[in-house]
Amino acid sequence: MAAIVRFNLLTKPQIVAALPASLHVQRFQSTQAPPPGTPPPQTKTKFGPLADEDRIFTNLYGRHDWRLKGALKRGDWYKTKEIVLKGADWIVNEIKTSGLRGRGGAGFPSGMKWSFMNKPGDGRPKAWHLQDREIMRHDPHKLVEGCLIARRAMGAQAAYIYIRGEFYNEEPALRSEISAHPPAVRLSDADAPWAQLPTLIVRVSTSFQHATGHAEPPSWSDWKKACGTGYDFDVFMHRGAGAYICGEETALIESLEGKQGKPRLKPPFPADVGVFGCPTTVTNVETVAVAPTICRRGGVWFASFGRTRNSGTKLFNISGHVNRPCTVEEEMSIPLKELIERHCGGVTGGWDNLLGVIPGGSSTPIIPKNVCDDVIMDFDGLIAAQTSLGTAAIIVMDKSTDVIKAIARLISFYKHESCGQCTPCREGIGWMNKIMTRFVKGDAQPAEIDMLWEISKQIEGHTICALGDGAAWPVQGLIRHFRPEIEKRMQLHAKRASN
Numbered sequence: 001m002a003a004i005v006r007f008n009l010l011t012k013p014q015i016v017a018a019l020p021a022s023l024h025v026q027r028f029q030s031t032q033a034p035p036p037g038t039p040p041p042q043t044k045t046k047f048g049p050l051a052d053e054d055r056i057f058t059n060l061y062g063r064h065d066w067r068l069k070g071a072l073k074r075g076d077w078y079k080t081k082e083i084v085l086k087g088a089d090w091i092v093n094e095i096k097t098s099g100l101r102g103r104g105g106a107g108f109p110s111g112m113k114w115s116f117m118n119k120p121g122d123g124r125p126k127a128w129h130l131q132d133r134e135i136m137r138h139d140p141h142k143l144v145e146g147c148l149i150a151r152r153a154m155g156a157q158a159a160y161i162y163i164r165g166e167f168y169n170e171e172p173a174l175r176s177e178i179s180a181h182p183p184a185v186r187l188s189d190a191d192a193p194w195a196q197l198p199t200l201i202v203r204v205s206t207s208f209q210h211a212t213g214h215a216e217p218p219s220w221s222d223w224k225k226a227c228g229t230g231y232d233f234d235v236f237m238h239r240g241a242g243a244y245i246c247g248e249e250t251a252l253i254e255s256l257e258g259k260q261g262k263p264r265l266k267p268p269f270p271a272d273v274g275v276f277g278c279p280t281t282v283t284n285v286e287t288v289a290v291a292p293t294i295c296r297r298g299g300v301w302f303a304s305f306g307r308t309r310n311s312g313t314k315l316f317n318i319s320g321h322v323n324r325p326c327t328v329e330e331e332m333s334i335p336l337k338e339l340i341e342r343h344c345g346g347v348t349g350g351w352d353n354l355l356g357v358i359p360g361g362s363s364t365p366i367i368p369k370n371v372c373d374d375v376i377m378d379f380d381g382l383i384a385a386q387t388s389l390g391t392a393a394i395i396v397m398d399k400s401t402d403v404i405k406a407i408a409r410l411i412s413f414y415k416h417e418s419c420g421q422c423t424p425c426r427e428g429i430g431w432m433n434k435i436m437t438r439f440v441k442g443d444a445q446p447a448e449i450d451m452l453w454e455i456s457k458q459i460e461g462h463t464i465c466a467l468g469d470g471a472a473w474p475v476q477g478l479i480r481h482f483r484p485e486i487e488k489r490m491q492l493h494a495k496r497a498s499n
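250 is the number that full-length UniProt numbering gives to position 250 of the sequence shown; each next residue is one higher, with no gaps.
Printed below as a string of structure tokens:
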């Protein structure tokens, strides 16, 4: 005999009633407060321009005194001791609430990244690294103060400020200000004239930063209580030799340890095994420099700028064919067109003379004018446009630009800067460079365009670090948006050759 089974469709209230009472609140209570560190929802629909009172970097152009006295007048080092004493959990939650994402290109949530280091100790010291020019030159105290706050958040014992070899003017400015004695928070007169070494060791001690370079320093117990808080903290300033690959976090660590700047295989990740085997966080200068202002004004204030998941303000460096190239702090999610016209006086020859824009530095795909008309400058907006925010180094090209030659020049740069460790990068970028050199002249066949695309796809995602991706994306952007221009040049070359 067949059994007849009857299924009854239950309504949601019936399902809730059938569940144990202990699960009702956990699963169906819509009024439950979000966990600590959750950014508030964004209610604005228009973003930018940024009001002057909301700017974090108030000396971006160096019009005011960048030394300690001027920094104190602008509000740096204000109640820093109170911020540090609030503890690591409070600082990390404020950074999480702010929605701050890494300003170095990848856009990883900073609060989450910092929390990886803030865990029960295993006996090993922790360290972290910084890799921006205008901040170090004109607002160095933003960075120095940010180092101290980030140190407390991560529970680190040392910070390494890694400066590019080309930054000749920034190193002395930063070194002198790290050595300054902020009187507003000074608690000790400890001082010692130690010998100078190639790598400057900077001790944040008893509320001031003491520059040292002694191979056998006196007992560190003589310099405790950074900002009077009872925590030891060392700051090392290290200048690289200029290799582009050392911007990659593990290559930077290798360089810092005195080895060749070549990326490491991951895992282990730096958060577990970093510089000298210690847990390490590598973060961008701008990311650290905004932390003190976020802690003073609140994560909710910072999250009020930009779209959800794209919070805060950002430094945009705009160069190329604009009337006034500049570096400017603006609200995230501002339209690209408004950013260029408001701060740069527009494109040379007018907006209609625009050919394309590289929106996030040389490694991000170029976008043509029709995309630039409406694109917004944040992480998600540019991903939707098949490009990336990157470092927000905007390169504007008008119609006088030979776009094929411009991209070929970028590929030549990446060929030169490849460390040669990965075969797809070492060989593939060399192939792309040869093909692009012929594309500039038009000395190629249309089928080679698809071949170049395939080579770029075989490089992308098949290397230890992202330098291979950064070399592949400009080529992909060129083919995606300017393929007719490449084909036209081939036709002209073939016509000249036949004559």
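Here a beta-carbon is modelled for each residue, glycine too, at the ideal position from N, C-alpha and C.
Assumed close pair residue i, residue j - CB separation to whole angstroms, cut-off 8 angstroms
{"i": "ILE459", "j": "PRO424", "result": "5 angstroms"}
{"i": "THR313", "j": "LEU72", "result": "In fact, because the Cβ distance is near 22 angstroms, the residues do not count as touching under 8 angstroms."}
{"i": "ARG264", "j": "THR250", "result": "4 angstroms"}
{"i": "VAL235", "j": "CYS147", "result": "6 angstroms"}
{"i": "ILE149", "j": "ALA291", "result": "5 angstroms"}
{"i": "THR97", "j": "GLY155", "result": "At roughly 20 angstroms, the Cβ-Cβ gap does not stay under 8 angstroms, so THR97 and GLY155 are not in contact."}
{"i": "ILE56", "j": "VAL285", "result": "Their Cβ separation, rounded to whole angstroms, is 13 angstroms, which puts ILE56 and VAL285 out of contact at 8 angstroms."}
{"i": "ALA447", "j": "ILE435", "result": "About 11 angstroms; that fails the 8 angstroms criterion."}
Closest residue to residue i among the options (Cα-Cα distance)
{"i": "GLY299", "options": "SER255, GLU94, ALA173", "result": "GLU94"}
{"i": "LEU256", "options": "GLY312, ALA243, ALA444", "result": "ALA243"}
{"i": "ARG324", "options": "ARG307, PRO335, LEU354, CYS344", "result": "CYS344"}
{"i": "GLN260", "options": "CYS246, GLY37, TYR414", "result": "CYS246"}
{"i": "GLY349", "options": "MET397, GLY306, SER304", "result": "MET397"}
{"i": "PRO474", "options": "ILE367, LEU174, GLY111, THR43", "result": "ILE367"}
{"i": "MET117", "options": "ARG152, LEU389, ARG480", "result": "ARG152"}
{"i": "VAL440", "options": "GLY430, GLN421, VAL403", "result": "VAL403"}
{"i": "GLY306", "options": "PRO36, PHE47, ILE149, GLY442", "result": "PHE47"}
{"i": "GLY361", "options": "LYS79, TYR414, GLU338, HIS64", "result": "TYR414"}
{"i": "VAL322", "options": "LYS262, THR401, CYS295, ILE383", "result": "THR401"}
{"i": "LEU60", "options": "PRO35, CYS326, LYS44", "result": "CYS326"}
{"i": "LEU143", "options": "GLU170, TRP351, GLY165, ILE383", "result": "GLU170"}
{"i": "GLN157", "options": "VAL375, GLY477, PRO279, ARG438", "result": "PRO279"}
{"i": "ALA241", "options": "ARG164, GLY87, GLY258, THR283", "result": "ARG164"}
{"i": "GLY105", "options": "LEU389, ARG67, VAL357, VAL273", "result": "LEU389"}
{"i": "LEU68", "options": "ASP443, ASP272, ALA173", "result": "ALA173"}
{"i": "PHE233", "options": "LYS79, PRO268, PRO140, ILE178", "result": "ILE178"}
DSSP bridge partner residues for residue i (one or two, in chain order)
{"i": "HIS462", "result": "Per DSSP, none; premise fails for HIS462."}
{"i": "GLY326", "result": "Contrary to the premise, residue 326 reads as Cys rather than Gly in this sequence. In the DSSP output, where bridge partners are listed per residue, CYS326 has ILE318."}
{"i": "GLU341", "result": "GLU341 is not bridged to any residue."}
{"i": "VAL375", "result": "Paired residues: none, contrary to the question."}
{"i": "PRO109", "result": "ARG101"}
{"i": "PRO368", "result": "GLY356"}
{"i": "ARG239", "result": "ILE163"}
{"i": "ILE394", "result": "ILE318"}
{"i": "THR313", "result": "GLU331"}
{"i": "VAL347", "result": "VAL322"}
Alpha carbon of residue i to alpha carbon of residue j, nearest angstrom
{"i": "TYR162", "j": "GLU487", "result": "44 angstroms"}
{"i": "LEU354", "j": "HIS493", "result": "26 angstroms"}
{"i": "HIS138", "j": "GLY470", "result": "29 angstroms"}
{"i": "ASP450", "j": "PRO335", "result": "33 angstroms"}
{"i": "THR281", "j": "LYS495", "result": "56 angstroms"}
{"i": "CYS419", "j": "ALA472", "result": "16 angstroms"}
{"i": "GLN386", "j": "LYS399", "result": "22 angstroms"}
{"i": "MET432", "j": "GLY70", "result": "50 angstroms"}
{"i": "GLU248", "j": "SER456", "result": "20 angstroms"}
{"i": "CYS372", "j": "LYS337", "result": "7 angstroms"}
{"i": "THR364", "j": "SER176", "result": "35 angstroms"}
{"i": "ARG101", "j": "ALA466", "result": "18 angstroms"}
{"i": "GLN26", "j": "PRO270", "result": "At GLN26, the pLDDT of 46 sits below 50, so the modelled position is not reliable and the matter cannot be decided from this model."}
{"i": "GLU53", "j": "ARG297", "result": "12 angstroms"}
{"i": "PRO359", "j": "GLY107", "result": "15 angstroms"}
{"i": "CYS422", "j": "VAL92", "result": "37 angstroms"}
{"i": "ILE407", "j": "ILE479", "result": "10 angstroms"}
{"i": "MET237", "j": "THR391", "result": "22 angstroms"}
{"i": "VAL375", "j": "TRP90", "result": "36 angstroms"}
{"i": "PHE276", "j": "ARG63", "result": "40 angstroms"}
Per-residue burial, residue i [other beta carbons within 10 Å of its own, 16 or more giving buried]
{"i": "ARG103", "result": "buried"}
{"i": "SER498", "result": "exposed"}
{"i": "GLN491", "result": "exposed"}
{"i": "HIS416", "result": "exposed"}
{"i": "GLU330", "result": "buried"}
{"i": "TYR160", "result": "buried"}
{"i": "ASP76", "result": "buried"}
{"i": "GLU145", "result": "buried"}
{"i": "GLY87", "result": "exposed"}
is_contact[residue i, chain B] using C-beta, thresh 8 angstroms
{"i": "GLN476", "result": "No chain B appears in the structure shown, which is made up of a single protein chain."}
Distance cut-off 7 angstroms: residue i Cβ against heavy atoms of the ligand GDP
{"i": "GLU286", "result": "Among the ligands in the structure shown, none appear at all, so the ligand GDP cannot be discussed."}
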